[in-house]
Amino acid sequence: MVNYYRYEPSLPAAIIFIVILGSSSILHLFQVLKTKSWFFLPFLVGSLFESIGFIGRAIGAEETPDYTFGPYVLQNLLLLLGPTCYAASIYMILGRLIRRLKGEQFCLIRPGWLTKIFLLGDIVSIALQGIGGGKVINADTPDDRKAAENIIIGGLTVQIMFFGLFIAVTGLFHFRFAKNSTTRPCNRGFNWQRFLVVIYVASVLILIRSLFRMIEYIQGHNGELQSKEVYVYVFDAIPMAIASIGFNIFHPSKYINGSKKATEDSDSEIPLGYRQA
(Lines of atoms letter the chains of each structure in order from A and count residues from 1; the text may use other names and numbers.)
(Lines give C-alpha, C1' and ligand atoms only; values in the text may rest on other atoms or scores of the structure.)
Protein backbone atom coordinates (compact mmCIF):
# COMPACT_ATOMS: atom_id res chain seq x y z
CA MET A 1 0.00 0.00 0.00
CA VAL A 2 1.34 3.42 -0.99
CA ASN A 3 0.18 6.53 0.87
CA TYR A 4 0.19 9.19 -1.85
CA TYR A 5 -1.28 11.80 0.50
CA ARG A 6 -0.04 12.99 3.88
CA TYR A 7 -3.65 13.23 5.05
CA GLU A 8 -6.96 11.52 4.45
CA PRO A 9 -8.70 13.30 1.53
CA SER A 10 -12.16 14.59 2.41
CA LEU A 11 -14.95 13.05 0.35
CA PRO A 12 -17.58 15.73 1.21
CA ALA A 13 -15.20 18.56 0.27
CA ALA A 14 -14.35 16.89 -3.04
CA ILE A 15 -18.04 16.33 -3.84
CA ILE A 16 -18.87 19.97 -3.09
CA PHE A 17 -16.29 21.17 -5.62
CA ILE A 18 -17.26 18.52 -8.17
CA VAL A 19 -20.78 19.98 -8.06
CA ILE A 20 -19.63 23.62 -8.10
CA LEU A 21 -17.01 23.29 -10.83
CA GLY A 22 -19.00 20.70 -12.78
CA SER A 23 -22.03 23.00 -12.88
CA SER A 24 -19.83 25.92 -13.90
CA SER A 25 -18.26 23.80 -16.66
CA ILE A 26 -21.65 22.79 -18.05
CA LEU A 27 -22.74 26.42 -18.08
CA HIS A 28 -19.48 27.44 -19.79
CA LEU A 29 -20.09 24.80 -22.47
CA PHE A 30 -23.60 26.14 -23.06
CA GLN A 31 -22.36 29.75 -23.17
CA VAL A 32 -19.50 28.97 -25.58
CA LEU A 33 -21.78 27.06 -27.95
CA LYS A 34 -24.58 29.62 -27.78
CA THR A 35 -22.34 32.66 -28.35
CA LYS A 36 -19.69 30.93 -30.51
CA SER A 37 -17.00 32.29 -28.19
CA TRP A 38 -14.40 29.80 -29.39
CA PHE A 39 -11.55 31.82 -27.88
CA PHE A 40 -12.98 30.82 -24.50
CA LEU A 41 -12.59 27.08 -25.13
CA PRO A 42 -9.30 26.88 -23.15
CA PHE A 43 -11.14 28.26 -20.12
CA LEU A 44 -13.81 25.58 -20.56
CA VAL A 45 -11.09 22.92 -20.76
CA GLY A 46 -9.51 24.32 -17.59
CA SER A 47 -12.83 24.19 -15.77
CA LEU A 48 -13.34 20.58 -16.91
CA PHE A 49 -9.81 19.74 -15.73
CA GLU A 50 -10.64 21.17 -12.31
CA SER A 51 -13.93 19.22 -12.13
CA ILE A 52 -12.33 15.92 -13.16
CA GLY A 53 -9.41 16.58 -10.82
CA PHE A 54 -11.79 16.70 -7.87
CA ILE A 55 -13.45 13.52 -9.10
CA GLY A 56 -9.99 11.98 -8.73
CA ARG A 57 -9.77 13.33 -5.19
CA ALA A 58 -13.21 11.93 -4.38
CA ILE A 59 -12.18 8.49 -5.63
CA GLY A 60 -9.00 8.75 -3.58
CA ALA A 61 -11.06 9.62 -0.49
CA GLU A 62 -13.26 6.58 -1.11
CA GLU A 63 -10.17 4.36 -1.34
CA THR A 64 -8.70 5.47 2.01
CA PRO A 65 -6.35 3.98 3.13
CA ASP A 66 -5.83 1.66 0.13
CA TYR A 67 -4.99 4.35 -2.42
CA THR A 68 -4.46 3.44 -6.07
CA PHE A 69 -2.25 5.18 -8.60
CA GLY A 70 -4.87 6.25 -11.19
CA PRO A 71 -7.02 8.64 -9.13
CA TYR A 72 -3.91 10.24 -7.62
CA VAL A 73 -2.45 10.87 -11.09
CA LEU A 74 -5.79 12.27 -12.26
CA GLN A 75 -6.14 14.83 -9.48
CA ASN A 76 -2.45 15.70 -9.36
CA LEU A 77 -2.03 16.55 -13.05
CA LEU A 78 -5.43 18.08 -13.80
CA LEU A 79 -5.53 20.36 -10.76
CA LEU A 80 -2.00 21.46 -11.62
CA LEU A 81 -2.79 22.26 -15.28
CA GLY A 82 -6.36 23.59 -15.07
CA PRO A 83 -5.49 27.21 -14.16
CA THR A 84 -2.97 27.45 -17.02
CA CYS A 85 -5.89 26.86 -19.38
CA TYR A 86 -7.80 29.64 -17.60
CA ALA A 87 -4.82 31.91 -18.23
CA ALA A 88 -4.78 31.20 -21.98
CA SER A 89 -8.34 32.48 -22.43
CA ILE A 90 -7.77 35.49 -20.18
CA TYR A 91 -4.81 36.53 -22.33
CA MET A 92 -6.97 36.32 -25.46
CA ILE A 93 -9.79 38.25 -23.80
CA LEU A 94 -7.68 41.35 -23.18
CA GLY A 95 -6.52 41.60 -26.81
CA ARG A 96 -10.09 41.34 -28.05
CA LEU A 97 -11.36 43.88 -25.52
CA ILE A 98 -8.69 46.39 -26.54
CA ARG A 99 -9.59 45.99 -30.22
CA ARG A 100 -13.29 46.36 -29.51
CA LEU A 101 -12.62 49.59 -27.64
CA LYS A 102 -10.29 50.72 -30.45
CA GLY A 103 -7.72 51.41 -27.77
CA GLU A 104 -4.66 49.89 -29.47
CA GLN A 105 -2.74 53.15 -29.14
CA PHE A 106 -3.02 53.00 -25.35
CA CYS A 107 -1.62 49.48 -24.96
CA LEU A 108 2.07 48.95 -24.24
CA ILE A 109 2.08 45.91 -26.57
CA ARG A 110 0.11 45.65 -29.81
CA PRO A 111 -2.96 43.46 -29.12
CA GLY A 112 -1.95 40.90 -31.75
CA TRP A 113 1.51 40.52 -30.25
CA LEU A 114 0.14 40.74 -26.72
CA THR A 115 -1.90 37.58 -27.17
CA LYS A 116 0.95 35.72 -28.90
CA ILE A 117 3.56 36.67 -26.28
CA PHE A 118 1.46 35.68 -23.30
CA LEU A 119 0.16 32.50 -24.94
CA LEU A 120 3.76 31.49 -25.62
CA GLY A 121 4.56 31.96 -21.94
CA ASP A 122 1.48 29.93 -21.04
CA ILE A 123 2.51 27.09 -23.38
CA VAL A 124 5.98 26.99 -21.81
CA SER A 125 4.39 26.95 -18.36
CA ILE A 126 2.00 24.14 -19.29
CA ALA A 127 4.82 22.10 -20.83
CA LEU A 128 7.08 22.43 -17.80
CA GLN A 129 4.30 21.70 -15.30
CA GLY A 130 3.07 18.74 -17.35
CA ILE A 131 6.55 17.25 -17.70
CA GLY A 132 7.32 17.85 -14.04
CA GLY A 133 3.97 16.46 -12.93
CA GLY A 134 4.54 13.29 -14.94
CA LYS A 135 8.01 12.86 -13.48
CA VAL A 136 6.76 13.38 -9.91
CA ILE A 137 4.22 10.62 -10.39
CA ASN A 138 6.84 8.21 -11.74
CA ALA A 139 9.64 9.20 -9.36
CA ASP A 140 11.34 6.17 -7.80
CA THR A 141 13.68 7.97 -5.43
CA PRO A 142 13.58 11.18 -3.35
CA ASP A 143 16.17 12.69 -5.70
CA ASP A 144 13.99 11.91 -8.74
CA ARG A 145 11.01 13.49 -7.01
CA LYS A 146 12.99 16.60 -6.09
CA ALA A 147 14.23 17.01 -9.67
CA ALA A 148 10.66 16.67 -10.97
CA GLU A 149 9.37 19.20 -8.43
CA ASN A 150 12.04 21.65 -9.57
CA ILE A 151 10.69 21.39 -13.13
CA ILE A 152 7.19 22.16 -11.83
CA ILE A 153 8.58 25.10 -9.85
CA GLY A 154 10.15 26.36 -13.08
CA GLY A 155 6.80 26.13 -14.87
CA LEU A 156 5.00 27.93 -12.06
CA THR A 157 7.70 30.61 -12.01
CA VAL A 158 7.17 31.22 -15.73
CA GLN A 159 3.43 31.46 -15.14
CA ILE A 160 3.83 33.90 -12.26
CA MET A 161 6.25 36.10 -14.22
CA PHE A 162 3.99 36.28 -17.26
CA PHE A 163 0.88 36.83 -15.18
CA GLY A 164 2.56 39.60 -13.23
CA LEU A 165 3.57 41.26 -16.51
CA PHE A 166 0.06 40.73 -17.87
CA ILE A 167 -1.53 42.46 -14.88
CA ALA A 168 0.92 45.36 -15.27
CA VAL A 169 0.16 45.70 -19.01
CA THR A 170 -3.58 45.54 -18.30
CA GLY A 171 -3.31 48.16 -15.57
CA LEU A 172 -1.32 50.52 -17.79
CA PHE A 173 -3.84 50.16 -20.61
CA HIS A 174 -6.70 50.75 -18.16
CA PHE A 175 -5.07 53.92 -16.82
CA ARG A 176 -4.22 55.35 -20.25
CA PHE A 177 -7.56 54.50 -21.83
CA ALA A 178 -9.65 55.78 -18.90
CA LYS A 179 -7.65 59.01 -18.86
CA ASN A 180 -8.44 59.64 -22.53
CA SER A 181 -12.03 58.39 -22.67
CA THR A 182 -15.38 59.99 -22.00
CA THR A 183 -17.04 59.50 -18.63
CA ARG A 184 -20.47 59.20 -20.22
CA PRO A 185 -22.08 55.89 -19.19
CA CYS A 186 -22.90 53.36 -21.87
CA ASN A 187 -26.60 53.27 -22.71
CA ARG A 188 -26.67 49.60 -23.69
CA GLY A 189 -24.98 47.95 -20.75
CA PHE A 190 -21.40 47.67 -22.02
CA ASN A 191 -19.32 48.55 -19.00
CA TRP A 192 -15.73 47.93 -20.07
CA GLN A 193 -14.28 49.04 -16.72
CA ARG A 194 -16.40 46.51 -14.84
CA PHE A 195 -15.20 43.78 -17.18
CA LEU A 196 -11.58 44.82 -16.61
CA VAL A 197 -12.21 44.45 -12.88
CA VAL A 198 -13.40 40.88 -13.54
CA ILE A 199 -10.16 40.24 -15.46
CA TYR A 200 -8.12 41.71 -12.59
CA VAL A 201 -9.89 39.58 -9.98
CA ALA A 202 -9.53 36.37 -11.98
CA SER A 203 -5.87 37.14 -12.69
CA VAL A 204 -5.07 37.83 -9.03
CA LEU A 205 -6.85 34.62 -7.97
CA ILE A 206 -4.80 32.59 -10.44
CA LEU A 207 -1.65 34.39 -9.29
CA ILE A 208 -2.41 33.54 -5.64
CA ARG A 209 -3.02 29.91 -6.58
CA SER A 210 0.23 29.75 -8.57
CA LEU A 211 2.22 31.26 -5.69
CA PHE A 212 0.67 28.70 -3.35
CA ARG A 213 1.60 25.83 -5.66
CA MET A 214 5.13 27.15 -6.12
CA ILE A 215 5.71 27.45 -2.37
CA GLU A 216 4.12 24.01 -1.91
CA TYR A 217 6.61 22.41 -4.29
CA ILE A 218 9.54 24.41 -2.88
CA GLN A 219 8.71 23.03 0.58
CA GLY A 220 8.49 19.53 -0.88
CA HIS A 221 6.47 16.46 0.04
CA ASN A 222 7.31 16.84 3.73
CA GLY A 223 6.45 20.55 3.87
CA GLU A 224 3.60 22.18 5.73
CA LEU A 225 1.48 22.92 2.64
CA GLN A 226 1.37 19.27 1.59
CA SER A 227 0.60 18.08 5.11
CA LYS A 228 -2.97 19.41 5.36
CA GLU A 229 -5.74 19.26 2.77
CA VAL A 230 -7.28 22.55 3.88
CA TYR A 231 -4.54 24.46 2.03
CA VAL A 232 -5.60 22.90 -1.29
CA TYR A 233 -9.14 24.17 -0.85
CA VAL A 234 -8.31 27.61 0.55
CA PHE A 235 -5.58 28.52 -1.94
CA ASP A 236 -6.55 26.47 -5.00
CA ALA A 237 -10.11 25.13 -5.12
CA ILE A 238 -11.93 28.20 -3.81
CA PRO A 239 -10.01 30.79 -5.92
CA MET A 240 -10.46 28.71 -9.09
CA ALA A 241 -14.16 28.20 -8.39
CA ILE A 242 -14.63 31.95 -7.91
CA ALA A 243 -12.78 32.66 -11.17
CA SER A 244 -14.86 30.12 -13.08
CA ILE A 245 -18.19 31.31 -11.71
CA GLY A 246 -17.14 34.93 -12.21
CA PHE A 247 -16.81 34.37 -15.94
CA ASN A 248 -20.15 32.55 -15.98
CA ILE A 249 -21.76 35.70 -14.62
CA PHE A 250 -19.67 38.19 -16.60
CA HIS A 251 -19.22 36.11 -19.71
CA PRO A 252 -16.80 37.64 -22.26
CA SER A 253 -19.36 37.30 -25.05
CA LYS A 254 -21.32 40.13 -23.41
CA TYR A 255 -18.38 42.48 -23.84
CA ILE A 256 -16.20 41.48 -26.78
CA ASN A 257 -18.35 39.81 -29.42
CA GLY A 258 -17.33 41.16 -32.79
CA SER A 259 -20.83 41.90 -34.01
CA LYS A 260 -21.97 45.21 -35.48
CA LYS A 261 -24.11 45.83 -32.43
CA ALA A 262 -21.14 45.23 -30.14
CA THR A 263 -19.09 47.78 -32.06
CA GLU A 264 -21.90 50.32 -31.88
CA ASP A 265 -22.30 49.70 -28.15
CA SER A 266 -18.67 50.54 -27.54
CA ASP A 267 -18.75 53.82 -29.48
CA SER A 268 -19.88 55.82 -26.46
CA GLU A 269 -16.67 54.91 -24.65
CA ILE A 270 -14.11 55.20 -27.44
CA PRO A 271 -11.40 57.71 -26.44
CA LEU A 272 -12.12 61.22 -27.66
CA GLY A 273 -8.64 61.67 -29.04
CA TYR A 274 -8.99 58.55 -31.19
CA ARG A 275 -12.50 59.44 -32.37
CA GLN A 276 -11.41 62.86 -33.52
CA ALA A 277 -8.29 61.61 -35.28
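In terms of my numbering, the sequence shown is residues 390 to 666.
Glycine is no exception: its CB is placed at the ideal position from the N, C-alpha and C atoms.
The model shown is predicted, which means the values in this text are computed figures rather than measured ones.
- Here the C-alpha atom of Phe419 lies approximately 42 Å from the C-alpha atom of Asn611.
- Here the alpha carbons of Ile409 and Val593 stand approximately 20 Å from one another.
- Per DSSP, reduced to three states, the secondary structure at Gly612 is coil, with no helix or strand assignment.
- For Ser399, there is no enclosing alpha helix (DSSP H), as DSSP gives it neither H nor E.
- Gly501 and Ser478 have their C-alpha atoms roughly 14 Å apart.
- With contacts defined as CB atoms closer than 7 Å, Gly544 and Leu517 qualify as a contacting pair.
- Per DSSP, the unbroken alpha helix (DSSP H) holding Thr473 starts and ends at 458-489.
- Scanning Leu469, Leu490, Thr530 for the CA closest to the CA of Arg602 turns up Leu469.
- Contact check for Ser514 against Thr473 passes: the beta carbons are separated by less than 7 Å.
- Taking 8 Å as the upper bound for CB-CB distance, Val525 and Ala537 are in contact here, some 4 Å apart.
- In the DSSP assignment, Ile498 falls outside any alpha helix (DSSP H), carrying neither H nor E.
- Gly459 counts as exposed, since fewer than 16 other C-beta atoms from the protein chains shown sit within 10 angstroms of its C-beta.
- Counting the other Cβ atoms within 10 Å of the Cβ of Ile482 gives 16 or more, which makes it buried.
- In this structure, the CA atom of Phe562 is about 24 Å from the CA atom of Ile512.
- In the DSSP assignment, Pro431 falls within the alpha helix (DSSP H) that extends over 430-452.
- Comparing C-alpha distances from Gly471 to each of Ala528, Ala557, Ser440, Arg534 shows the shortest one belongs to Ser440.
- Per DSSP, the unbroken alpha helix (DSSP H) holding Ser633 starts and ends at 627-638.
- Put simply, of Pro531, Val421, Phe406 the residue whose alpha carbon is nearest the alpha carbon of Ser642 is Val421.
- When the Cα atoms are used, Ala591 and Val558 turn out to be separated by approximately 15 Å.
- Glu618 and Ile607 have their alpha carbons spaced roughly 17 Å apart.
- Under the DSSP assignment, Phe562 falls in the alpha helix (DSSP H) whose first and last residues are 531-568.
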